[in-house]
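Engineer: Chains as they are written, first to last, in the numbering used here: chain A, 2 to 342; chain B, 2 to 342.
Yeah, the Cβ is synthetic: ideal placement off N, Cα and C, and Gly gets one too.
Sharing a structure, written as structure tokens. Questions coming.
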DNA sequence: GTGAAAGCGCTAACAC
DNA sequence: GTGTTAGCGCTTTCAC
């Protein structure tokens, strides 16, 4: 399979000029005769010349046009939409994306990072896994001076750019919406502890209750994973005691849907008797019946902007870390529309 | 940013041996003194040595440990699950995946392939886009002798390995299930023409009708895209004329869900009055009410097996193209359970 | 404006 | 079993 690709040497030989001129012409460096340049480009086109990115990356630590994306999952609406956004920008700028999935496991995440061939990647887009010790990143990646942008699940106290949705205000607005629709006993089924996203949404929830002078009940705040099953379990726990909530604000739509399934199973009328609101705007939320009120996250834009920011960092050697916070949008649906009281 | 990574030269110098010995020790070639080998490995570990994959790929056309994955979308259940399967195998074998998304547009697909730096990828996993001319692939990729495995959306008459679900039998079984539950006027909302997946599911549908001596009505077979909106449109078209079907077999779950939304909107009782069945087993199908009967596709396994096959091809120079067809599993839910007649 | 040549980090003959 | 050396394809001084 020792197939020979066209190289700049081939072009140089055919045109009877030197490889360096070909190289310069190909990359559009200015001090090249317009005429030779065009000849080179034409021949390259004709012969289907493709630069060898290994050689390019190797020579003088040049750009490899590859960026690494490290995230916990891909098989869910939010993550795959973020990647679509990343991909859109990367494609338009001629970058390839190299995908690493951690399965939300800290060890796997670390092993991936440890075994990374940094030299072949120009930068990283990272969404950290749940139990991660983010300071490992400083050690492992950032000491190499490779640009990193964190998105969605960002670590605290990290001198790197971050792109995220407005978790705090999103939660605040959603809970306030529940309150304004007459629900008072609002529980929160939260994400895993230690994730800033979990913390911020919890804070938003607490702030909304406080603002409306609704007492906070610790036992109505349950931390667990992000899955639908976790949502189901949390909800069963909430419904077990004598005193029950009359609404649930879930950290994401999958958990909200889990909650709804349990509520429906118990014959509780969602909307009328019990309010439910989620976070994400997963297409499922518009399919389930009753439809689910949710704080829509700008997933595509998170991906797009993260990638743009990273590319900016890659372009200029000494960049300033930047934080970008994108607003969400409350989508009001049936699950929170209490019948006139 | 001119950061210096540890190289084999550094290791060689520190150990006072030659680079070739280091190189051999690192890759576990056998004719190396056990003792020196261990010393090298220990030092490499200590100094956090990482092989430079550019150099590796460049030198003697060695393996780059990168595989390219080209597919139409990622933001849906099926595709993202396939990628998860691919990723699982790639990770365990030390391969990276480089992702290319065509947005199901033939021009973009072609442009991606045209601009690929083949030299940095050891092989390709491809699911073709809708309007594609698959013979372009022969020309563009396969002439280079790079291993390719097609999955899910595979082109016909291509001398390459293919991994797919059993579309024909899956459709056949699903339609037969509808028939056995008393539905007789079964329409098919199909995928875009020209895709083997579309053709096979259509053939399965036709075969089931034929077997049960149910006349085929051309006007009850509608081709369009794969989206939920397409499902809605197709269904409106089907319900417009005087004579209407009493069941719909959809090429995928998103279209089936689109159909259900229209049916529900018209007050038609799904299950009792009208049967619906899909294909995929998207989690949505278990969420929608009534729940959707569907032919579950082995998405994760499609990814896993495709990747294993590709890696096998990469390992042995002269491989035989292989076809793998994975069975689906009918998941019977409420949308096809006709009340006792 | 262009060419010659060095070298990026690694592998694979080829010697010994 | 180990060292020497010649590239892989490209970029980039440094001459001219």
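Examine chain A for any beta-carbon lying closer than 9 Å to the beta-carbon of residue 273 of chain B, and answer yes or no.
Structural biologist: Numbered from its first residue, the second chain carries residue 273 of chain B at position 272. Any Cβ of chain A closer than 9 Å to the Cβ of residue 273 of chain B would place that residue at the interface, and such an atom is absent.
Engineer: Restricting to runs no shorter than 3 residues, where is the beta strand (DSSP E) found entirely within the segment 208-236 of chain B?
Structural biologist: 222-224
Engineer: Against chain B, does residue 121 of chain A count as a neighbour if the rule is that its beta carbon must be under 9 Å from one of theirs?
Structural biologist: Counting from one through the first chain, the residue named residue 121 of chain A turns up at place 120. Cβ-Cβ to chain B under 9 Å: yes for residue 121 of chain A.
Engineer: Identify the continuous beta strand (DSSP E) that holds residue 166 of chain A and give its terminal residues.
Structural biologist: Along the first chain, read from residue 1 onward, the residue named residue 166 of chain A stands at position 165. Its beta strand (DSSP E) spans residues 162-166.
Engineer: Residues in the same chain with beta-carbon distance under 7 Å from residue 231 of chain A, minus the five sequence neighbours each way, listed in chain order, please.
Structural biologist: Translated into the one-based positions of the first chain, residue 231 of chain A becomes position 230. Answer for residue 231 of chain A: 225, 256, 259, listed in chain order.
Engineer: Determine which residues of the segment 133-145 of chain B have a Cβ less than 7 Å from any Cβ of chain A, and write them out in chain order.
Structural biologist: Under the 7 Å Cβ criterion, the segment 133-145 of chain B contributes 145.
Engineer: Using DSSP with H/G/I as helix, E/B as strand and the rest coil, what is residue 293 of chain A?
Structural biologist: Within the first chain, the letter at position 292 stands for residue 293 of chain A. When DSSP states are grouped into helix, strand and coil, residue 293 of chain A belongs to the coil group.
Engineer: Inspect the beta-carbon positions of residue 41 of chain A and residue 73 of chain A and report whether they are closer than 9 Å.
Structural biologist: Here the question's residue 41 of chain A lines up with position 40 in the first chain. Here the question's residue 73 of chain A lines up with position 72 in the first chain. No.
Engineer: Would you check if the distance between the CB atom of residue 172 of chain B and the CB atom of residue 204 of chain B is smaller than 9 Å?
Structural biologist: Translated into the one-based positions of the second chain, residue 172 of chain B becomes position 171. Translated into the one-based positions of the second chain, residue 204 of chain B becomes position 203. Cβ distance < 9 Å, so residue 172 of chain B and residue 204 of chain B count as in contact.
Engineer: Starting from residue 76 of chain B, find everything on chain A with Cβ-Cβ shorter than 8 Å and list it in chain order.
Structural biologist: Along the second chain, read from residue 1 onward, the residue named residue 76 of chain B stands at position 75. Taking a Cβ-Cβ cut-off of 8 Å, the neighbours of residue 76 of chain B in chain A comprise 78, 81, 82, 84, 85, given in sequence order.
Engineer: Is residue 43 of chain B close to the ligand SAM? I mean its beta-carbon at under 8 Å from any heavy atom of the ligand.
Structural biologist: In the structure on display, the ligand SAM does not appear, and there are no ligands present to speak of.
Engineer: In the DSSP assignment, what are the bridge partners of residue 155 of chain B?
Structural biologist: Within the second chain, the letter at position 154 stands for residue 155 of chain B. Bridge partners of residue 155 of chain B: none, in fact.
Engineer: Determine the closest residue to residue 197 of chain A out of A:273, A:151, A:329, with distance taken between C-alpha atoms.
Structural biologist: In the first chain, the residue the question calls residue 197 of chain A occupies position 196. The residue with the shortest Cα to Cα distance from residue 197 of chain A is A:151.
Engineer: Inspect the beta-carbon positions of residue 276 of chain A and residue 339 of chain A and report whether they are closer than 9 Å.
Structural biologist: Indexing the first chain from 1 puts residue 276 of chain A at position 275. Indexing the first chain from 1 puts residue 339 of chain A at position 338. Yes, these two residues count as a Cβ contact at 9 Å.
Engineer: Measure from the alpha carbon of residue 57 of chain A to the alpha carbon of each residue in A:24, A:292, A:189, A:165, then state which is nearest.
Structural biologist: Here residue 57 of chain A corresponds to residue number 56 of the first chain, with the count starting at 1. Here the closest residue by C-alpha is A:24.
Engineer: May I ask you to verify whether the segment 123-136 of chain A touches the segment 127-145 of chain B, counting CB pairs closer than 8 Å and requiring at least 3?
Structural biologist: no
Engineer: Where DSSP assigns a beta bridge to residue 250 of chain A, which residues make up the other side?
Structural biologist: Working through the first chain from its first residue, we reach residue 250 of chain A at position 249. According to DSSP, which records beta bridges pairwise, residue 250 of chain A is partnered with A:189, A:278.
Engineer: What is the DSSP secondary structure of residue 326 of chain B, counted as helix, strand or coil?
Structural biologist: Start at 1 with the first residue of the second chain, and residue 326 of chain B comes out as number 325. In the structure shown, residue 326 of chain B sits in a strand (DSSP, three-state: E or B).
Engineer: Mind reading off the beta-carbon distance from residue 162 of chain A to residue 319 of chain A? Whole number of angstroms is fine, and I expect it under 8 Å.
Structural biologist: In the first chain, residue 162 of chain A corresponds to position 161, counting from 1. In the first chain, residue 319 of chain A corresponds to position 318, counting from 1. Not confirmed; about 13 Å, so no contact.
Engineer: Could you tell me whether the segment 295-310 of chain B touches the segment 75-89 of chain B, using the rule of 3 or more Cβ pairs below 8 Å?
Structural biologist: yes
Engineer: In chain A, what lies closer than 8 Å to residue 259 of chain B by C-beta?
Structural biologist: By one-based count along the second chain, residue 259 of chain B stands at place 258. Chain A residues near residue 259 of chain B: none, gap ~10 Å exceeds 8 Å.
Engineer: Of all the residues that make up the segment 83-111 of chain A, which are near chain B by a beta-carbon distance shorter than 7 Å?
Structural biologist: Listed in sequence order: 84, 85, 88, 97, 98, 99, 100, 102.
Engineer: So is residue 10 of chain B in contact with chain A if we call contact Cβ pairs under 9 Å?
Structural biologist: The residue you call residue 10 of chain B lines up with position 9 of the second chain. Taking Cβ atoms only, chain A never reaches closer than 9 Å to residue 10 of chain B, which makes this a no.
Engineer: Using Cβ-Cβ distances below 7 Å, what residues of the segment 37-55 of chain A are close to chain B?
Structural biologist: 51, 52, 53, 54, 55
Engineer: If you measure between the beta carbons of residue 164 of chain B and residue 153 of chain B, is that distance less than 9 Å?
Structural biologist: For this step, residue 164 of chain B is matched to residue 163 along the second chain. For this step, residue 153 of chain B is matched to residue 152 along the second chain. The beta carbons of residue 164 of chain B and residue 153 of chain B sit closer together than 9 Å.
Engineer: Between the segment 233-250 of chain A and the segment 173-189 of chain A, do at least 3 Cβ pairs fall closer than 8 Å?
Structural biologist: Verdict: yes, contact present.
Engineer: Mind checking residue 53 of chain B: buried by the 16 CB within 10 Å criterion, or exposed?
Structural biologist: To locate residue 53 of chain B, count along the second chain from 1; it is residue 52. Flag for residue 53 of chain B reads buried.
Engineer: If contacts are defined as beta-carbon pairs under 8 Å, then residue 177 of chain A and residue 209 of chain A qualify, I think. What distance do you get, rounded to the angstrom?
Structural biologist: Against the first chain, residue 177 of chain A aligns to sequence position 176. Against the first chain, residue 209 of chain A aligns to sequence position 208. Right, their Cβ atoms sit about 5 Å apart.
Engineer: Alpha carbon to alpha carbon, what distance is there between residue 160 of chain A and residue 327 of chain B?
Structural biologist: Within the second chain, residue 327 of chain B is the residue found at index 326, counting from 1. Within the first chain, residue 160 of chain A is the residue found at index 159, counting from 1. Each residue's alpha carbon lies about 48 Å from the other.
Engineer: Nearest to residue 1 of chain A by CA position, among A:306, A:336, A:330, A:333, is which residue?
Structural biologist: Since the first and last residues shown for chain A are 2 and 342, residue 1 of chain A lies out of range.
Engineer: Of all the CB atoms in chain A, is at least one closer than 9 Å to the CB of residue 197 of chain B?
Structural biologist: On the second chain, residue 197 of chain B is found 196 positions in, with the first residue counted as 1. It does not; no Cβ of chain A falls within 9 Å.
Engineer: Closer than 9 Å, CB to CB, is residue 281 of chain A near chain B or not?
Structural biologist: Within the first chain, numbered from 1, the residue matching residue 281 of chain A stands at position 280. Not closer than 9 Å to any Cβ of chain B, the Cβ of residue 281 of chain A fails to qualify, so no.
Engineer: For residue 166 of chain A, count the other beta carbons within 10 Å of its own beta carbon; 16 or more makes it buried, fewer makes it exposed. Which is it?
Structural biologist: In the first chain, counting from the first residue as 1, residue 166 of chain A sits at position 165. Under this definition residue 166 of chain A is a buried residue.
Engineer: Looking at the strands, I want to know which residues DSSP matches up with residue 1 of chain B.
Structural biologist: Summary: the structure shown does not reach residue 1 of chain B, with chain B confined to residues 2 through 342, and so no result is reported for it.
Engineer: For a contact defined as C-beta to C-beta under 8 Å, what are the partners of residue 236 of chain B on chain A?
Structural biologist: Indexing the second chain from 1 puts residue 236 of chain B at position 235. By Cβ distance, chain A contributes nothing, its closest Cβ being about 15 Å from residue 236 of chain B, past 8 Å.
Engineer: With a threshold of 8 Å on Cβ separation, who are the neighbours of residue 92 of chain A within its own chain once the five nearest residues in sequence on each side are excluded?
Structural biologist: One-based indexing of the first chain puts residue 92 of chain A at position 91. In its own chain, leaving out the 5 sequence neighbours on each side, no residue places its CB closer than 8 Å to the CB of residue 92 of chain A.
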